[in-house]
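The block underneath contains the structure these notes are about, expressed in structure tokens.
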Amino acid sequence: MRVYVLNGPNLGRLGTRQVDVYGATSYADLVTSCESTGRELGLDVVVRQTDAEHELIGWLHAAADEQAAVVLNPAAWSHYSIAVRDACALLRAPLVEVHISNIHAREEFRHHSVVSAVATGVICGLGVDGYRLALHHLATRLSQGV
Ligand code: DQA
3 MRVYVLNGPN LGRLGTRQVD VYGATSYADL VTSCESTGRE LGLDVVVRQT DAEHELIGWL
63 HAAADEQAAV VLNPAAWSHY SIAVRDACAL LRAPLVEVHI SNIHAREEFR HHSVVSAVAT
123 GVICGLGVDG YRLALHHLAT RLSQGV
């Protein structure tokens with residue numbers, strides 16, 4: 003079962019970007035960890051990151067066409083991109099929104115995500131472990147056929 007783990011802008015800089023907020027795990031380590039969690043769970047996990055909004059929208063369209071589940075960290079787009087939200091609304095399988103940091107405990111402009119209302123669920127503030135938890139949830143859910 004294919005699951006896309008999609009990451010928005012600046013997440014390619016994990017490991018060196020605001021380590022006090024996002025932790026020391028590099029983006030390469032995050033990819034390895036998602037792929038190995040996928041193998042453990044019998045999921046075909048494809049991990050991607052982009053700084054270009056149209057690219058993320060194209061990946062979401064493809065996931066919708068394939069009826070694939072998605073783990074999405076929309077990063078800064080969470081807070082203002084109606085285009086990303088509309089693409090998420092096209093998905094036909096579960097969508098788990100992940101934020102590494104607790105967006106509710108940060109600047110006010112981060113408190114609202116325009117994506118959350120069209121997500122199946124949201125994990126935030128649990129560090130990069132949120133991705134692993136999201137994949138576990140999807141594996142359970144997909145095995146139940148929901
Ligand atoms: C983030 C939180 C966003 O506010 C921020 O713009 C990011 C990362 C997180 O994972 O905590 O780039 O989505």
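So for the sequence shown, the numbering used here puts the first residue at 3; every next one is plus one. Each residue gets a CB set at the ideal place from its N, CA and C atoms; glycine is no exception.
- Residue pairing from DSSP places E99 in a beta bridge opposite L74, V124.
- Contact fails between the segment 106-118 and the segment 129-147, because fewer than three Cβ pairs, one in each stretch, are under 8 Å apart.
- Counting along the chain, Y133 sits inside the alpha helix (DSSP H) bounded by residues 131-145.
- Secondary structure at Y6: strand, using DSSP grouped into helix, strand and coil.
- The C-beta distance from E55 to A85 rounds to 6 Å, short enough to meet the 8 Å contact threshold.
- Of the residues C126, L93, H101, A141, the one whose Cα lies closest to the Cα of V120 is L93.
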